[in-house]
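Working notes, structure below.
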Amino acid sequence: MANDTIEGPTLLLVEDDDATRQALRRDLVARGYRVDDVSDGSAALARWESRRPDAVLLDLGLPDMDGSALIRRFRREAATPILVLSARGAETTKVEALELGADDYVTKPFGMAELHARLRAVLRRAAGPAADAAGRVTAGSLVLDAVRHEVTVGGQRVDLTPREFEVLRVLLAHTGRLVTRGRLLRAVWGEAYSGEDHYVHVFVSQIRRKLAAADRGGSLRDLIVTEPGVGYRVREA
Ligand code: CA
Numbered sequence: 000m001a002n003d004t005i006e007g008p009t010l011l012l013v014e015d016d017d018a019t020r021q022a023l024r025r026d027l028v029a030r031g032y033r034v035d036d037v038s039d040g041s042a043a044l045a046r047w048e049s050r051r052p053d054a055v056l057l058d059l060g061l062p063d064m065d066g067s068a069l070i071r072r073f074r075r076e077a078a079t080p081i082l083v084l085s086a087r088g089a090e091t092t093k094v095e096a097l098e099l100g101a102d103d104y105v106t107k108p109f110g111m112a113e114l115h116a117r118l119r120a121v122l123r124r125a126a127g128p129a130a131d132a133a134g135r136v137t138a139g140s141l142v143l144d145a146v147r148h149e150v151t152v153g154g155q156r157v158d159l160t161p162r163e164f165e166v167l168r169v170l171l172a173h174t175g176r177l178v179t180r181g182r183l184l185r186a187v188w189g190e191a192y193s194g195e196d197h198y199v200h201v202f203v204s205q206i207r208r209k210l211a212a213a214d215r216g217g218s219l220r221d222l223i224v225t226e227p228g229v230g231y232r233v234r235e236a
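Under numbering that gives the first Met the number 0, residue 236 is the last one in the sequence shown; the count climbs by one each step, no gaps.
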């Protein structure tokens, strides 16, 4: 392909509110994305079949079907990133969407800057893991070395238990993206613990405390952000 041929990622935009859909489409096209926009679930399925998008932006409340049915279907067939456009306050719905395999959500009304940050993060995730070739993940002054199983802040070793290390590793592997408590539990403790949400809270608190003690400059203070009722997100540096 010639260098001057710029073809941005293709997005499937599913949103039944005309004004929202048109505004989103304009903005996304202006930023170099190719956008297939549809206003109901059956049109979304038809587009999905005719051209697999690089990512899906999905409103859950559609006139002809529940958006979660689309998540189930898309996820069964592909690992394509799915970003949910969610109504304010619908925590349960958001968690359900994430558990079904959506990658993240933005809550309406959202700013375009936020939408783009989330979209970039889910597209990056699709491109590969967060670690460098040596197995290191960096977030500001923090370095997690997955090969040496070691975390340092400003070059100083932080003593984490194996479980704390694992929780931090999973969160860092999803930097910029939301990790539900259920997903974190299953990743670290396995299926048997999927109802024990309070474990996660305790471990994240311990990790925050240990990082804060090592973090003289205070630059890691908001590294792990709590998404109330849903889970955690490591903010992007
Ligand atoms: Ca809707």
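Cβ coordinates follow ideal geometry from the N, Cα and C atoms, glycine included.
Alpha-carbon to alpha-carbon, residue j and residue i
{"i": "E149", "j": "G134", "result": "11 Å"}
{"i": "R242", "j": "V229", "result": "Outside the shown range of the chain (0 to 236) lies residue 242, about which nothing can therefore be said."}
{"i": "L56", "j": "W47", "result": "12 Å"}
{"i": "F73", "j": "L10", "result": "14 Å"}
{"i": "L118", "j": "A77", "result": "17 Å"}
{"i": "P80", "j": "L122", "result": "7 Å"}
{"i": "S49", "j": "D17", "result": "23 Å"}
{"i": "Y198", "j": "L184", "result": "8 Å"}
{"i": "E180", "j": "R124", "result": "The residue you asked about is not Glu; residue 180 is Arg in the sequence shown. Cα-Cα distance, rounded: 19 Å."}
{"i": "G139", "j": "S41", "result": "44 Å"}
{"i": "I5", "j": "Q21", "result": "Residue placement at I5 cannot be trusted, given a pLDDT of 49 that sits under 50; the coordinates are not used to answer."}
{"i": "A112", "j": "V105", "result": "11 Å"}
{"i": "R24", "j": "G216", "result": "42 Å"}
{"i": "D39", "j": "T19", "result": "14 Å"}
{"i": "L114", "j": "S204", "result": "28 Å"}
{"i": "A211", "j": "A68", "result": "42 Å"}
{"i": "G154", "j": "F109", "result": "38 Å"}
{"i": "G189", "j": "P161", "result": "15 Å"}
{"i": "V233", "j": "D144", "result": "17 Å"}
{"i": "L12", "j": "Y231", "result": "26 Å"}
{"i": "D58", "j": "T91", "result": "15 Å"}
{"i": "E235", "j": "P227", "result": "18 Å"}
{"i": "R182", "j": "R51", "result": "26 Å"}
{"i": "A101", "j": "L82", "result": "6 Å"}
{"i": "Y32", "j": "R207", "result": "37 Å"}
{"i": "D131", "j": "A116", "result": "21 Å"}
Classification of residue i by the beta-carbon crowding that lies within 10 angstroms, buried from 16 upward
{"i": "T174", "result": "buried"}
{"i": "D103", "result": "buried"}
{"i": "E195", "result": "exposed"}
{"i": "K93", "result": "buried"}
{"i": "L222", "result": "buried"}
{"i": "T225", "result": "exposed"}
{"i": "A45", "result": "exposed"}
{"i": "G66", "result": "buried"}
{"i": "A96", "result": "buried"}
{"i": "V146", "result": "exposed"}
{"i": "A120", "result": "buried"}
{"i": "P201", "result": "One detail in the question is off: residue 201 reads as Val in this sequence, not Pro. So V201 ends up on the exposed side."}
For residue i: DSSP bridge partner residues
{"i": "E149", "result": "D144"}
{"i": "Q155", "result": "V152"}
{"i": "E226", "result": "G230"}
{"i": "R33", "result": "T9"}
{"i": "G60", "result": "D65"}
{"i": "I70", "result": "DSSP output for I70 lists no bridge partner at all."}
{"i": "I81", "result": "V55"}
{"i": "L177", "result": "R232"}
{"i": "R135", "result": "D144"}
{"i": "T106", "result": "S85"}
Residue i vs residue j beta-carbon contact at 8 Å
{"i": "V166", "j": "V187", "result": "yes"}
{"i": "A213", "j": "V157", "result": "yes"}
{"i": "P8", "j": "D63", "result": "no"}
{"i": "L84", "j": "E14", "result": "yes"}
{"i": "V136", "j": "L171", "result": "yes"}
{"i": "L27", "j": "V37", "result": "no"}
{"i": "L219", "j": "V152", "result": "yes"}
{"i": "L99", "j": "R75", "result": "no"}
{"i": "G60", "j": "A43", "result": "no"}
{"i": "L159", "j": "K209", "result": "yes"}
Give the residues whose C-beta lies closer than 7 Å to at least one heavy atom of ligand 1, in chain order.
E14, D15, D16, D58, G60 and L61
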